[in-house]
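S.K.:
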Amino acid sequence: MIAAVLFSLPFISSALQSTEPLSPFVPLSQCPLSGCPAEWRGPLLWPVVAMRLWTMVDATGKPRVIYIGNNELFSALENDPSLWSPLDKDQDPRNLADNAEQRLYTSLFRNYNKHLRPVRDPGRHLRVFISPSISGIVKAEELDQSLKFFQWLPIIWRDENLSWDPRRFGGLQYLLVPSELIWIPDVFAFTTMEAREIMPSDKTYARIHFTGNVTVVKHQFLAVRCQYRILLFPFDVQRCRMPFGSWAYTTEQVEVEAFESRLAQQIFEENSEWEIVSFSAKHENVSYESFNTVKNRTFQEVHYILEFKRKPTFYIYMIVVPCSIIVNICLLGLYAPFNTNGDRQEKVRHFSYVTVILKSLGEWRHSHGDFGQGSD
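Given below as structure tokens:
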């Protein structure tokens, strides 16, 4: 269409500025545009207005200062809104691209209520699938019994109120909308001590399929409770259990299932002190005592188990080896011949060196387990 308009531009411009009568039109000098019959205005405005719209239209749809063709004609367009009546709104180039999406959005959210569970039959449960992907361990706090890490949390469910027939909306199969506009399951890790959304909620979008399947991906920083066993330090392997589930909805209303549990390999950042061994999931139905009813409430949870081990290289060279050398020297020195009591005291004093080393390393823990050879 643009090529056709540009090709006809010289002919339209010369015709509009000509003083010869144009059939079925009359010269603009003899017939001001506002005084021409309506049946003359329509055919005259079609090519010129289309050409003008492709040139510049502001957000309100009103033509602005760039003119191509006859200035008198464009001035009349601005002063007489009735001249726009022959135009079909569907021909506005702004509507050609987003018309189907706009109609679909209006149709879906006209009576949508994001505060209610999206099922048409209240007695039917809603299946929610989650697939946490750990993108990197930030820090393991043995003293605080916590684990800090980044994760991507895709949540998938079917919203029966957000389905449509693609044939009615220009073949659209997907629609992206801000996630704050729709109902989202209240799924999170119950052992969470701290949670921060990396991407603000107003910047997070939900991907809606025409079948009603909705996908929302949360990028989070989490600090969860984790019990550490350091008997085999620095060759210890830790297991951290993280139960995910819905806080408000019972099994009869929402079933939380594990779609997949994996590491985000493409974006995973290696930690220099810890190495992830496995990340698995299992389903459990857990009953909790209800405060307002006699019957206990049962919730379906997905328990993710993160197994990770310490990289011992740093501790071997900075603790195990030095302490072994000092202890052996002390033991050998005790049984070595000596001449005075001062020699014996000096040999015993070597044991205090081990205490100083261990105390210093206890207060200052190196953050790079393999001498800083982790991810840059």
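Going letter by letter, the sequence shown gives residues -15 to -1, 1 to 361 in mature numbering (1 follows the signal peptide of the UniProt record, and there is no 0). Think of the CB as a built atom: it goes at the ideal place given N, C-alpha and C, for glycine as much as any other residue. Being a predicted model, the structure only gives us computed values, none of them experimental.
Taking the alpha carbon of W142 as the reference point, which residue from P103, K296, R226 and L93 has its own alpha carbon closest?
M.R.: To locate residue 142, count along the sequence shown from 1; it is residue 157. It is P103.
S.K.: Could you name the residues of the same chain whose beta carbon sits closer than 6 Å to that of K99, not counting the 5 residues immediately before and after it, in chain order?
M.R.: Numbered from 1 along the sequence shown, position 114 holds the residue referred to as residue 99. Closer than 6 Å at Cβ, skipping near neighbours: I167 and W168.
S.K.: Exposed or buried, I193, counting other C-beta atoms within 10 Å across all chains shown (16 or more means buried)?
M.R.: As a first step, residue 193 must be located in the sequence shown, where it is residue number 208. The residue is buried, with at least 16 neighbouring Cβ atoms inside 10 Å.
S.K.: Any chance you could list the alpha helix (DSSP H) runs of at least 4 consecutive residues sitting entirely within the segment 248 to 319, in chain order?
M.R.: Qualifying alpha helix (DSSP H) stretches, in chain order: 306 to 319.
S.K.: Which of the three DSSP states is assigned to Q212 in this structure?
M.R.: For the purposes of this step, residue 212 is taken as residue 227 along the sequence shown, with counting starting at 1. Correct three-state label for Q212: coil.
S.K.: Which same chain residues, not among the five before or five after A208, have their C-beta less than 6 Å away from its C-beta?
M.R.: Here residue 208 corresponds to residue number 223 of the sequence shown, with the count starting at 1. The residues are S131, K133, M178 and E179.
S.K.: Rounding to the nearest angstrom, what Cα-Cα distance links Y159 and F195 in this structure?
M.R.: Taking the sequence shown and counting its residues from 1, one reaches residue 159 at position 174. Taking the sequence shown and counting its residues from 1, one reaches residue 195 at position 210. So the two alpha carbons sit approximately 6 Å from each other.
S.K.: Distance cutoff 8 Å, beta carbons only. Does G318 sit that close to anything in chain C?
M.R.: Protein chains in the displayed structure number just one, and chain C is not present.
S.K.: Below 6 Å CB to CB, which residues in the same chain sit around Q223 once its five sequence neighbours on both sides are set aside?
M.R.: In the sequence shown, the residue the question calls residue 223 occupies position 238. Result list for Q223: Y213 and F293, in chain order.
S.K.: Along the chain, which unbroken stretches of the alpha helix (DSSP H) at least 4 residues long are found entirely within the segment 73 to 155?
M.R.: DSSP runs (the alpha helix (DSSP H)) wholly in the segment 73 to 155: 78 to 94.
S.K.: What three-state label does DSSP hand L166 in the structure shown?
M.R.: Residue mapping note: residue 166 aligns to position 181 of the sequence shown, counting from 1. The answer is helix: DSSP assigns L166 an H, G or I state.
S.K.: I need the straight-line Cα distance from V172 to Y97, nearest angstrom please.
M.R.: For the purposes of this step, residue 172 is identified with residue 187 of the sequence shown, where counting begins at 1. For the purposes of this step, residue 97 is identified with residue 112 of the sequence shown, where counting begins at 1. Distance between the alpha carbons of V172 and Y97: 21 Å.
S.K.: Taking the beta strand (DSSP E) that P228 belongs to, which residues open and close that run?
M.R.: Your numbering for residue 228 matches position 243 in the sequence shown. It spans V222 to S231 - the beta strand (DSSP E) in which P228 sits, taken as one unbroken run.
S.K.: Give every residue of the same chain whose Cβ lies closer than 7 Å to the Cβ of S263, excluding the five residues on either side of it in the sequence, and list them in chain order.
M.R.: For the purposes of this step, residue 263 is taken as residue 278 along the sequence shown, with counting starting at 1. Cβ within range, chain order: E292.
S.K.: Beta carbon of P139, beta carbon of V202: below 8 Å?
M.R.: If you number the sequence shown from 1, residue 139 lands on position 154. If you number the sequence shown from 1, residue 202 lands on position 217. Cβ atoms of P139 and V202: closer than 8 Å.
S.K.: Between which two residues does the beta strand (DSSP E) containing M184 stretch?
M.R.: Here the question's residue 184 lines up with position 199 in the sequence shown. Careful: M184 lies outside any beta strand (DSSP E) and carries neither H nor E.
S.K.: Going by alpha carbons, who is nearest to E237 out of H204, C225, S120 and Q285?
M.R.: Within the sequence shown, residue 237 is the residue found at index 252, counting from 1. Checked all of H204, C225, S120 and Q285; the closest Cα to E237 is Q285.
S.K.: Quick check on the burial criterion: 16 or more other C-beta atoms within 10 angstroms. Buried or exposed for R152?
M.R.: The sequence position of residue 152 within the sequence shown is 167, counting from 1. Exposed, since its Cβ has fewer than 16 Cβ neighbours within 10 Å.
S.K.: Among W232, I122 and F206, whose alpha-carbon lies nearest the alpha-carbon of P185?
M.R.: Residue numbering aside, residue 185 sits at position 200 when the sequence shown is read from its first letter. Looking at the Cα atoms, F206 is the closest of the given residues.
S.K.: By how many angstroms is the C-alpha of P307 removed from the C-alpha of H268?
M.R.: Locating residue 268 in the sequence shown gives position 283, where the first residue counts as 1. Locating residue 307 in the sequence shown gives position 322, where the first residue counts as 1. Approximately 47 Å, taken between the alpha carbons.
S.K.: Where do the N-terminal and C-terminal ends of the beta strand (DSSP E) with E240 fall, by residue?
M.R.: Within the sequence shown, the letter at position 255 stands for residue 240. V239 to A243 is the extent of the beta strand (DSSP E) around E240.
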